[in-house]
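Participant: I have a structure here, written as structure tokens, and I will follow up with some questions on it.
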Amino acid sequence: MFHLQDAHFGSVNVDGWICASGGRDGALKLWNILNLKEIVEPQDYKSCLLNSRTGAHGNAWLWSISYDKQNKMMYSGGFDCNIKTWDLDNPFLPVTSYSLASPILCLAFSHNSLASGCYGRSVSLFDPRVSLQPVLQHIHHKKPVICIASDEKFIISGSEDKTVVVYDKTARKVLNTIQFEGFPLSMSYDCKQLLIGDVLGFFHVIDPTNESFTKEKTYETGHKLKVTGIQHSLGSVITCSTDKTIRILEPNHNPEPISVLNCSSEISKISAYKTVLASANTDDSITIWLPEEECS
1 MFHLQDAHFG SVNVDGWICA SGGRDGALKL WNILNLKEIV EPQDYKSCLL
51 NSRTGAHGNA WLWSISYDKQ NKMMYSGGFD CNIKTWDLDN PFLPVTSYSL
101 ASPILCLAFS HNSLASGCYG RSVSLFDPRV SLQPVLQHIH HKKPVICIAS
151 DEKFIISGSE DKTVVVYDKT ARKVLNTIQF EGFPLSMSYD CKQLLIGDVL
201 GFFHVIDPTN ESFTKEKTYE TGHKLKVTGI QHSLGSVITC STDKTIRILE
251 PNHNPEPISV LNCSSEISKI SAYKTVLASA NTDDSITIWL PEEECS
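So, in structure tokens, the structure goes:
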């Protein structure tokens, strides 16, 4: 485990050897996490900082980060109402920028498309191969859009109005609206399953089979407070919370904990890629977990 101070509270995203972070200072930072295992003293972790872009979103909060792994591009969204594109090979200046009408609260890149959700209730879809201009927009929520995911056919958005809306890109209409007792804060869409973490500390399994998007199961996570992040694979379900813990759960009908990671502060986001796990913490720090064999 590596704890990077003076980093960021807000957003974190890890992809291979790069970890990107953003926070309330509006800066965007890129970290080389492979070099962490070579550093003995924690105060020297800043030597892993590849790039720090001050004012990437002015003085506004940088709240969302998403990757286009194939093209080595990264997207950031902030409370300045801007979405920006960054070239990871030359991250000093944004490649393109687009302004929306309200702060961007969530981003998701999938199948050559970028989806965004905003405080002003709107959901937008972009095709960055053409330009950073919306190819469609819709407003089917009554409150801010907190989390978002997408695939080739659908945009899935969760809101403070306690709903998840499944929107058909081709038909340009709502396929389904799913109601919750506590509003959704986070989602993970992979392995033919959609998982939703909510403000009450539960996670829900949504079945997208045959385009049904029906709520199948609701599980206790073991968290005492809201689930601020969730990510799943065939091997685990990982959740984080404002109760200062990250829980790695078994991906089955009885999701017992595999491990519980205790942190010194509340956790706002998590990101996992293969064997690397990163968290953004409310004390303006990032925590990185690597397998022991990679640290030896």
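The UniProt record's numbering applies: residue 1 is where the sequence shown begins, and numbers increase by one. Even glycine gets a Cβ: it sits at the ideal position worked out from N, Cα and C.
On a Cα-Cα basis, can you pick out the residue from Q193, S113, P184, H232 that is closest to A143?
Facilitator: Taking the first residue of the sequence shown as 1, we reach residue 143 at position 143. The question names Ala, but residue 143 is Lys in the sequence shown. The option with the nearest alpha carbon to K143 is P184.
Participant: With a threshold of 16 other CB atoms inside 10 Å of the CB of C295, please say whether the residue is buried or exposed.
Facilitator: The residue given as residue 295 occupies position 295 in the sequence shown. Interpretation of C295 is limited by its pLDDT of 48, a score under 50 that renders its predicted location unreliable; no figure is taken from the coordinates.
Participant: A278 and V14 - do their beta-carbons sit closer together than 8 angstroms?
Facilitator: Counting from 1 along the sequence shown, the entry for residue 14 is found at position 14. Counting from 1 along the sequence shown, the entry for residue 278 is found at position 278. Taking 8 angstroms as the cut-off, the beta carbon of V14 is found closer than this to the beta carbon of A278.
Participant: Of the choices V199, F202, N210, M1, whose alpha-carbon is the least far from that of N176?
Facilitator: Within the sequence shown, the letter at position 176 stands for residue 176. Of V199, F202, N210, M1, the residue nearest in Cα terms is N210.
Participant: Can you check DSSP and say which residues form a bridge with M73?
Facilitator: By one-based count along the sequence shown, residue 73 stands at place 73. DSSP lists D68, D87 as partners of M73.
Participant: In the DSSP output, which residue or residues are listed as bridge partners for G235?
Facilitator: Residue 235 sits at position 235 when you count from the first residue of the sequence shown. Its beta-bridge partners do not exist; DSSP assigns none.
Participant: Under the assumption that S124 contacts Q137 (Cβ atoms under 8 angstroms), give the Cβ distance between them as a whole number of angstroms.
Facilitator: Here residue 124 is taken as the residue at index 124 of the sequence shown, counted from 1. Here residue 137 is taken as the residue at index 137 of the sequence shown, counted from 1. Contact check for S124 and Q137: beta-carbon distance about 5 angstroms, within the 8 angstroms limit, so the pair qualifies.
Participant: In terms of residues, what are the limits of the beta strand (DSSP E) holding C147?
Facilitator: As a working mapping, residue 147 is identified with position 147 in the sequence shown. Here the beta strand (DSSP E) through C147 covers 145–150.
Participant: Does the Cβ of P291 have 16 or more other Cβ atoms within 10 Å, making it buried, or fewer, making it exposed?
Facilitator: Sequence index remark: in the sequence shown, residue 291 carries index 291 (1-based). Under this definition P291 is an exposed residue.
Participant: Beta carbon of D80, beta carbon of A60: below 8 angstroms?
Facilitator: Counting from 1 along the sequence shown, the entry for residue 80 is found at position 80. Counting from 1 along the sequence shown, the entry for residue 60 is found at position 60. Closer than 8 angstroms, so yes.
Participant: Indicate the three-state DSSP secondary structure (helix, strand or coil) for N176 in the structure shown.
Facilitator: The residue given as residue 176 occupies position 176 in the sequence shown. Here N176 sits in strand by DSSP.
Participant: Could you check the C-alpha separation between V237 and I178 for me, to the nearest Å?
Facilitator: Working through the sequence shown from its first residue, we reach residue 237 at position 237. Working through the sequence shown from its first residue, we reach residue 178 at position 178. If you take the alpha carbons of V237 and I178, they lie about 21 angstroms apart.
Participant: Taking buried to mean at least 16 other C-beta atoms within 10 Å of its own C-beta, is L17 buried or exposed?
Facilitator: As a working mapping, residue 17 is identified with position 17 in the sequence shown. One detail in the question is off: residue 17 reads as Trp in this sequence, not Leu. W17 comes out exposed.
Participant: Count the other CB atoms, across all protein chains shown, that sit within 10 Å of the CB of C240; report buried if there are 16 or more and exposed otherwise.
Facilitator: By 1-based counting over the sequence shown, the position of residue 240 is 240. A residue is called buried when at least 16 other Cβ atoms come within 10 angstroms of its Cβ; C240 meets this threshold and is buried.
Participant: From D207 to F180, what distance separates their C-alpha atoms?
Facilitator: Taking the first residue of the sequence shown as 1, we reach residue 207 at position 207. Taking the first residue of the sequence shown as 1, we reach residue 180 at position 180. Cα to Cα, D207 sits roughly 15 angstroms from F180.
Participant: Where does E220 fall in DSSP's three states?
Facilitator: Counting from 1 along the sequence shown, the entry for residue 220 is found at position 220. E220: strand per DSSP, three-state reduction.
Participant: Identify the continuous beta strand (DSSP E) that holds N59 and give its terminal residues.
Facilitator: Walking along the sequence shown from the start, residue 59 turns up at place 59. First-last of the beta strand (DSSP E) with N59: 56–59.
Participant: Just how far apart, CA to CA, sit W289 and V276?
Facilitator: Taking the sequence shown and counting its residues from 1, one reaches residue 289 at position 289. Taking the sequence shown and counting its residues from 1, one reaches residue 276 at position 276. Distance between the alpha carbons of W289 and V276 is about 6 angstroms.
Participant: How long is the line joining the alpha carbons of S285 and S186, rounded to whole angstroms?
Facilitator: Here residue 285 corresponds to residue number 285 of the sequence shown, with the count starting at 1. Here residue 186 corresponds to residue number 186 of the sequence shown, with the count starting at 1. Those two C-alpha atoms are separated by around 20 angstroms.
Participant: Indicate whether W31 and L62 have their beta-carbon atoms separated by less than 8 angstroms.
Facilitator: Working through the sequence shown from its first residue, we reach residue 31 at position 31. Working through the sequence shown from its first residue, we reach residue 62 at position 62. No. Outside cutoff.
Participant: Hey, could you find the ends of the beta strand (DSSP E) K29 is sitting in?
Facilitator: In the sequence shown, the residue the question calls residue 29 occupies position 29. Under the DSSP assignment, K29 falls in the beta strand (DSSP E) whose first and last residues are 28–32.
Participant: Return the CA-CA distance between T214 and F126, expressed in angstroms with no decimal places.
Facilitator: Within the sequence shown, numbered from 1, the residue matching residue 214 stands at position 214. Within the sequence shown, numbered from 1, the residue matching residue 126 stands at position 126. Between T214 and F126, the C-alpha separation is close to 27 angstroms.
Participant: Can the beta-carbon of I83 be found closer than 8 angstroms to that of L100?
Facilitator: Position 83 of the sequence shown holds residue 83. Position 100 of the sequence shown holds residue 100. It is a contact, given that the beta carbons lie within the stated cut-off.
Participant: Within 10 Å of its beta-carbon, does H141 have 16 or more other beta-carbons around it, so buried, or fewer, so exposed?
Facilitator: Here residue 141 is taken as the residue at index 141 of the sequence shown, counted from 1. H141 should be labelled buried.
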